[in-house]
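Note that the sequence shown ends on residue 552 in the numbering used here; no numbers are left out. All C-beta atoms in this analysis are idealised placements derived from N, C-alpha and C, irrespective of residue type, glycine included. Predicted model, so just to flag it, every value in this text is computed and none were measured.
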Amino acid sequence: MKLSPLQIARYQYTPKLPGMLRNGISEICVKNGDATQSVADQEKIAAQFPNTYGKNEITFQKGQNTAEAKKQVVGVILSGGQAPGGHNVVCGLYDALKATNPDNVLYGFKGGPSGLLEDDYRIFDDEYINQYRNTGGFDIIGSGRTKLETEEQFAVAAEVCKKHGITAIVIIGGDDSNTNAAVLAEYFAAHNTGVQVIGCPKTIDGDLKNEDIECSFGFDTATKTYSEIIGNIERDANSAKKYWHFIKVMGRSASHVALECALQTQPNICLIGEEVAAKKMSLAQIADYIADSVADRAAKGMNFGVAIIPEGIVEFVPEFSVLIAEINELLAGEKTAQFNALPTWKDKYAFIEAGLTKESMAVFAILPESIQQQLFLERDPHGNVQVSLIESEKLFSALVKDNLAARKAAGTYNGKFSPLHHFLGYEGRCAFPSNFDADYCYSLGYNAFMLIQYGYTGYLSKVSNLSKPAEEWVAGGMPITKMMNMERRNGQDKPVIRKALVELDGKPFQYFAAHRAQWAVETCYTYPGAIQYFGPSEVCDLTTRTLALEKA
Ligand code: FBP
């Protein structure tokens, strides 16, 4: 493998641990915190998790390590979408495990949770693990989206663990994967397998958090990577002064990524899905809001701008969700084949017109034809429209164009509108982790092993006080059930981790809301530049603006 100079330099980087974990394994002891309860539906969640519910939060501190000295054989799984820092979680886990006892063993199950079910693994050693220190990606063992959720799967997982003498599984994943970690922990406890399960909070989306888990790893690096690109685009826009850039950013349903990028780059427009839902905004209202900025800037001679559009925005537009639900209904079962057999788009359009309600047809009719067709092309395995695949950056620029044409006809706008489109997602998920993510992830992995050593199961590795220097970080564990509530999934009530959406009364959104009117009309762009790995701490160890504002 040919190495880049940065990769060689990053191998030399020593991730920072929380102060309390720095004294050596023999000097880490447990401080018990309060008993916990789930965020909602306490009785139902308690009934589903009789062996793992209601446990205490814990923190580690300096003191005599009193954990049982037994050989540990641990299996680790990377689950779901890539997020920068995943390799360092594995490295931290490996280092703590080997520092405790060189005979301990770390298995990496390949390709996500399916690796556990298929008993497809590699055993880590120094030579292999050292190639991945402080690097981006999940290629150390690969990732996957297989859900671990059925009794049959759990039984197979238990068999595989028994075969290798595995004492604990660490699942590095998002809300769904950690929901599965909680269910697996409960299964293992109920069946006296002796196998513990620990989760680690991962996702660039930033939607796996609560008062204990201050952020999921990967959010820091991914948003810095997107913000660098957005800043560069802003500077290009401000240089050429002739394009409006519509930039869709990843992040699934929640708009944390869009909001963080907006805080870092101060674009003219940033839509926030949660606000659109709260205000019940229609597509036309959103387009009008953006067109106001375009027109106001044009009146000042600025026919350029930047708008950030969160990936999940359309899910939050009430009339659009109704339209999607009707389309899902329209194509249910055999009707998909009937629809696909229609020879022309005109025939299909007539079929759609006959099937949708008048209100949904009115929404459908204003969409550009390319988006109309996307709604019928892309289906998920359950037959639903995949809203994340809708090119919402193009949708909104087309709606704005129509809106501006009407303004022009009415004589209220006389500018030029040339939109360009971008989608930022995969560019950020495997970047070299920032120093923050490199440190945070290594600490999460190291700490996960401490939880294992002290016998905990059904816990999420928790490192908090993250807006402070790493020396002051607090390491510990939080029962995963604390984040859970009951939700309707596939027609059944299921215990799941509650997704953390953008809070409209939270400080990050409030800051944005207080400044956006000025940003919409003036050119207030900020250019964060590339992530810095070496140099002064004030540029290399910056946290996200979201975290800084939340903890201010
Ligand atoms: P996770 O929730 O698994 O961390 O994935 C996040 C994400 O990057 C989303 O932002 C995006 O919508 C999705 O994964 C894309 O999935 P895929 O990698 O399967 O295309």
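By the neighbour-count criterion, in which a residue is buried when 16 or more other Cβ atoms sit within 10 angstroms of its Cβ, T150 is exposed.
In this structure, N130 sits away from P433, with a CB-CB distance that is not shorter than 8 Å.
For V400, the three-state secondary structure derived from DSSP is helix. A Cβ-Cβ contact shorter than 8 Å links V197 with L184.
Sixteen is the threshold: since fewer than 16 other Cβ atoms of the shown chains lie within 10 Å of the Cβ of F534, the residue is exposed.
Shown here, A431 sits in coil according to DSSP, grouped into three states, outside any helix or strand.
Runs of the beta strand (DSSP E) lying entirely within the region 214-289 and spanning at least 3 residues, in chain order: 244-249. Judged by their CB atoms, S227 and P528 are nearer to each other than the 8 Å cut-off.
Per the DSSP secondary-structure output, I28 pairs in a beta bridge with K62. For I172, the pairing in a beta bridge is given by DSSP as L78 and C200. Counting only the Cα atoms, E369 lies some 44 Å from A438.
Taking the CA atoms as reference points, A287 sits about 19 Å from E522. The Cβ-Cβ distance between C200 and S461 falls below 8 Å. Contiguous alpha helix (DSSP H) elements confined to the region 309-386 occur at 313-316, 318-330, 335-341, 345-355, 358-366 and 369-377, taking only those with 4 or more residues. Remark: the C-beta of A83 is in contact range of ligand 1, defined as less than 7 Å to any heavy atom. G355 and A284 have their C-alpha atoms some 23 Å from each other. In the DSSP assignment, L3 falls outside any beta strand (DSSP E), carrying neither H nor E.
Shown here, R22 sits in coil according to DSSP, grouped into three states, outside any helix or strand.
DSSP places L420 inside the beta strand (DSSP E), whose first and last residues are P419 to L424.
Judged by DSSP in its simplified three-state form, D126 adopts helix. D493 has R488 as its beta-bridge partners, per DSSP.
Runs of the alpha helix (DSSP H) spanning 4 or more residues and lying entirely within the region 101-168 occur at 113-117, 126-130 and 151-164, in chain order. Looking from the CA of E152, the closest CA among K242, L342, Y187 and D125 belongs to Y187.
Between ligand 1 and the CB of R22, the shortest heavy atom gap is not smaller than 7 Å. In the structure shown, the three-state DSSP call for G54 is coil. Between N485 and E43, the alpha-carbon positions lie close to 10 Å from each other.
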